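Undergrad:
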């Protein structure tokens, strides 16, 4: 993200368990994994100006770094 000049405070990371459920809200209400429709792990969802521009999941096409750069260019 440094190469793309994206500040760390603009990056959000959420962990999920083996059932692809996150616990950021104490298990109450809708979780981020439900909100974003996580059905494969790992899954990286890239947003720009509040809109989803792409996802990287499971195995990278080239490498994780190259695939991520392709999304944020």
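Numbering (my numbering), first residue to last: 5 to 77. Idealized CB from N, CA, C, for every residue including glycine. The structure displayed is predicted, hence computed values, not measured ones.
(1) Can you tell which of 40, 44, 51 and 66 has the C-alpha that lies nearest to the C-alpha of residue 76?
(2) Starting from residue 62 and walking both ways along the alpha helix (DSSP H), at which residues does that stretch end?
(3) Residues in its own chain within less than 7 angstroms of residue 25 by CB, not counting five upstream and five downstream?
(4) Please classify residue 72: is it buried, with 16 or more other beta-carbons within 10 angstroms of its beta-carbon, or exposed?
(5) If I follow the unbroken beta strand (DSSP E) through residue 49, where does it start and stop?
(6) Is residue 42 buried or exposed, if buried means 16 or more other CB atoms sit within 10 Å of its CB?
(7) What number of angstroms, rounded off, separates the C-alpha of residue 57 from the C-alpha of residue 48?
TA: Taking the definition as stated:
(1) Within the chain shown, the letter at position 72 stands for residue 76. Of the listed residues, the one whose Cα sits closest to residue 76 is 51.
(2) As a first step, residue 62 is located in the chain shown; it is residue number 58 there, counting from the start. Run containing residue 62: none; DSSP gives neither H nor E here.
(3) As a first step, residue 25 is located in the chain shown; it is residue number 21 there, counting from the start. Closer than 7 angstroms at Cβ, skipping near neighbours: 35 and 37.
(4) For the purposes of this step, residue 72 is taken as residue 68 along the chain shown, with counting starting at 1. With 16 or more neighbouring CB atoms inside 10 Å of its own CB, residue 72 falls in the buried class.
(5) For the purposes of this step, residue 49 is identified with residue 45 of the chain shown, where counting begins at 1. Counting along the chain, the beta strand (DSSP E) containing residue 49 begins and ends at 47–52.
(6) Stepping through the chain shown from its first residue, residue 42 is reached at position 38. So residue 42 counts as buried.
(7) Counting from 1 along the chain shown, the entry for residue 57 is found at position 53. Counting from 1 along the chain shown, the entry for residue 48 is found at position 44. So the alpha carbons of these two residues sit roughly 11 angstroms apart.
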